[in-house]
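Number of protein chains: 2
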Amino acid sequence: MSGPTGAASSAVRLAAETWESLFRSQVAVMRKLQSGPAFKTLPVKEYDVLFTLSKCPSGQLRLNEINDKVLLSQSSLSRLVDRLEKRGLVERTAAPDDGRGVLLSLTEAGSELQKTIGREHVRDIAHLVGPALTSEEQRELLRLTEKLRASVAGH
Amino acid sequence: MSGPTGAASSAVRLAAETWESLFRSQVAVMRKLQSGPAFKTLPVKEYDVLFTLSKCPSGQLRLNEINDKVLLSQSSLSRLVDRLEKRGLVERTAAPDDGRGVLLSLTEAGSELQKTIGREHVRDIAHLVGPALTSEEQRELLRLTEKLRASVAGH
DNA sequence: TATCGATACATGCAAATGCATCTAGTTTGA
DNA sequence: TCAAACTAGATGCATTTGCATGTATCGATA
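Going down the list, the protein sequences come from chains A and B. So the number in the numbering used here is just where the residue sits in the first sequence, counting from 1, plus 602. So the number in the numbering used here is just where the residue sits in the second sequence, counting from 1, plus 602.
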């Protein structure tokens, strides 16, 4: 096949296959991770919110910022935070600069639980990813996925 | 830092960061894709089952095979298939070689709908992934994620 | 500054999900 | 050969999710 149509079509196909592969690998890894004992006490999605808060320098994040990182609707995140708050793992505070906003932060208990689960979680990840790819391949995968994420985030 | 402890810890950290990046990029892309008009008529997860069937050479798959590809519990998949069946998009058949098994196949309507949504979906993917990574980078990302998936699938 | 549209988050409600369990068919091994 | 353990898939039920909408606040404009 020759000409721009053929080239465009194969570019489209490559993009589709790349996404498909990325998606399936994510499913395969996530399936293993979430079935581990680390998430008996707390579902993965709830852990992810604790984790996101733990990584943030100020220790506080707006709900809409968290919502960007997580594959959940706004309302689902709101209720997920309800559950975390009822368990005493996070705290809601009014945002100082925006009367509509809510700041979320970890409580001491939330921080402890995040660390406990996190340690085991990281071990599980290493056991799955470590044997699969060399260090260089991991660095390259990290670079490519970060580049993709950044591009997609900026529309 | 020197010695095996330092090296091991940095290997663990690299694996964790790689997974984190892969996961976040998947979230970012999926969020864009599923909000597109292609999935107004059919949720992404249901489309994914039609797509999986469409790609399979025999045109038939066991439910447990489909379950490996999708991040859903066995019971959720069973009900998802109920919905597809009620809409006349797929058909359940008894597996010939295993009295417990169910074979799933696309109906004509299911195949049509898959193609219609699929065309738009592929375009959306190309618009997101194409500008983000060069062709070579996409091929490398495809290779790395496929290698990861294969390794994880084989325990 | 008064108004109108946009944004942040919460909530009612129907739909989707997962866990535990059930039924039925298959495999193993004594 | 037959009972026990295992696997495939369906179903009851409580939890989680998303859509639509509500309330409050913000920002732009006339």
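We put the beta carbon where it would ideally sit given N, CA and C, even for glycine.
Annotation: Cβ neighbours of VAL631/B in chain A (cutoff 9 Å, chain order): TRP621, LEU624, PHE625, LEU750, ARG751 and VAL754. DSSP places ALA734/A outside both helix and strand once states are collapsed to three, so it counts as coil. Sixteen is the threshold: when 16 or more other Cβ atoms of the shown chains lie within 10 Å of the Cβ of SER627/B, as they do, the residue is buried.
Around the beta carbon of GLN676/A, fewer than 16 other beta carbons lie within 10 angstroms, which makes this residue exposed.
Checking the DSSP bridge columns, you'll see THR695/A partnered with LEU705/A. The C-beta of ARG741/B comes closer than 8 Å to at least one C-beta of chain A.
According to the DSSP assignment, ARG685/B belongs to the alpha helix (DSSP H) that extends over 676–688. Here the region 726–742 of chain A makes no contact with the region 708–717 of chain A; the two share fewer than three CB pairs at distances below 8 Å. Within the DSSP secondary-structure output, ARG741/A pairs in no beta bridge. Judged by beta-carbon spacing, LEU705/B lies beyond the 8 Å limit of GLN636/B, meaning their Cβ atoms are not closer than that value.
Comparing alpha-carbon positions, the option among PHE653/B, THR718/B, ASP684/B and ARG694/B lying closest to ARG664/B turns out to be ARG694/B. Around ALA617/B, the beta-carbon contacts reaching into chain A at under 7 Å are ILE727, ALA728, VAL731, GLY732 and GLN740. The three-state secondary structure of LEU644/B, taken from DSSP, is coil. Residue pairing by DSSP places LEU663/A opposite LEU706/A in a beta bridge.
Here THR736/A is exposed, its C-beta having fewer than 16 other C-beta atoms within 10 Å. Contact annotation: the region 741–749 of chain A touches the region 614–624 of chain B, with at least three C-beta pairs closer than 8 Å.
Neighbours of LEU735/B across chain A, judged by C-beta separation under 7 Å: LEU746, LYS749 and LEU750. For LYS634/B, the chain A residues whose Cβ falls inside 8 Å of its Cβ are VAL754, in order along the chain. The Cβ-Cβ distance between VAL692/A and SER707/A falls below 8 Å. For GLU687/A, same chain residues with a beta-carbon under 8 Å away, outside a window of 5 residues either side, are GLU693 and ARG694 in chain order. Assigned with DSSP and collapsed to three states, LEU673/A falls in coil, not helix or strand. Shown here, ASP700/B sits in coil according to DSSP, grouped into three states, outside any helix or strand. At a beta-carbon threshold of 8 Å, the residues of chain A lying near ALA613/B are ALA728, GLY732 and SER737, ordered along the chain.
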